[in-house]
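Following: one structure in structure tokens, then a few remarks.
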Amino acid sequence: MALRLVYGGTFDPFHNGHLAMARIARDALDTGVSLMPAADPPHRAAPGASAEHRAHMLALGIAGEPGLSVDRRELDRDGPSYSIDTVAALRQVLGAAHPLALLVGADSFVGLANWHEWRALLESVHFVVADRPGSPLDAMLPPELSAALHGRWTASPEDLLNAPAGRVLRLNQPPHPESASAIRADIAAGRPWQARVPPAVARYILERGLYGAAA
Ligand SMILES: Nc1ncnc2c1ncn2[C@@H]1O[C@H](COP(=O)(O)OP(=O)(O)OP(=O)(O)O)[C@@H](O)[C@H]1O
Ligand SMILES: O=C(O)c1ccc[n+]([C@@H]2O[C@H](COP(=O)([O-])O)[C@@H](O)[C@H]2O)c1
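With positions in the sequence shown counted from 1, the corresponding number in our numbering is that position plus 12.
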């Protein structure tokens, strides 16, 4: 059974760091990646662009990329986009035995102990954790999370296929400095930003005047 890999995010906007990470995960794990925009992120301020704008930018940003697709599951559901609910919905379709993983950046993962029902989540899904500049995993894992991860770490993609859930794989990747909040701030302040997003995303932001962009 192939690994099902889901990459959730606010994607406000979708940037080159997101794209690079999805490509690296696809190639390292030899599987497709479903990118899933969060409708109502449970843990942060309301996004700067609507869910439909964010989903549209995501679709433009991955157009023509082999193995990458958009999953609208969280947009089509009311209420907060808790990952535990998303995984439960995916399990309804895939079944309990199918290997299923969430792709996250290191900065998200170090905060996992604040996620809704996080201990149940660790049992329900694998995690693939990508390096991110400024978030050294070894230094930033809180003790409670570190203890819960004992015995789960693996460097072998094979291990993600040999169980439906419960393992954590570290995805080494070159540093990608892009951050959506920095891009939003630069757009609003009139500083350069376009080189940090795929060209079709830059055009969309300019056409729609998102984040205060002047056409
Ligand atoms: N440059 C990057 N390198 C590694 N992981 C990243 C990078 N950018 C985003 N991610 C990861 O992708 C997921 C979705 O990120 P998100 O949409 O919140 O973008 P962001 O750049 O982190 O946004 P913001 O700056 O607003 O927090 C998260 O798991 C995050 O850790
Ligand atoms: O379920 C939760 O409590 C939860 C808390 C924080 C983040 N998440 C998910 O983690 C993914 C990355 O979030 P973000 O804010 O970095 O874009 C996205 O799919 C969120 O829905 C989920």
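Note that the Cβ used here is the ideal one computed from N, Cα and C, for glycine as well.
Quick caveat, the model's predicted, so the values are computed rather than measured.
Residue 214 counts as buried, since at least 16 other C-beta atoms from the protein chains shown sit within 10 angstroms of its C-beta. The DSSP-derived three-state label of residue 17 is strand. Going by beta carbons, residue 179 and residue 141 fall outside the 7 Å limit.
Residue 168 counts as exposed, since fewer than 16 other beta carbons sit within 10 angstroms of its beta carbon. The alpha carbon of residue 23 has as its nearest neighbour, out of 148, 194, 123, 100, the alpha carbon of 194. With contacts defined as CB atoms closer than 7 Å, residue 80 and residue 41 fail to qualify as a contacting pair.
Distances taken from the Cβ of residue 50 to the heavy atoms of ligand 2 include one shorter than 6 Å.
Across the set 73, 188, 203, the C-alpha of 203 shows the shortest separation from the C-alpha of residue 225. Residue state for residue 31 is assigned as helix, using DSSP reduced to three classes. For residue 55, the distance from the CB to the nearest heavy atom of ligand 1 is not below 6 Å. Apart from sequence neighbours up to five positions away, the residues of its chain that approach residue 187 with a beta-carbon distance below 6 Å are 145, ordered along the chain. With contacts defined as CB atoms closer than 7 Å, residue 72 and residue 96 fail to qualify as a contacting pair. With a threshold of 6 Å, the Cβ atom of residue 30 does not count as near ligand 2, since no heavy atom of the ligand is closer than that.
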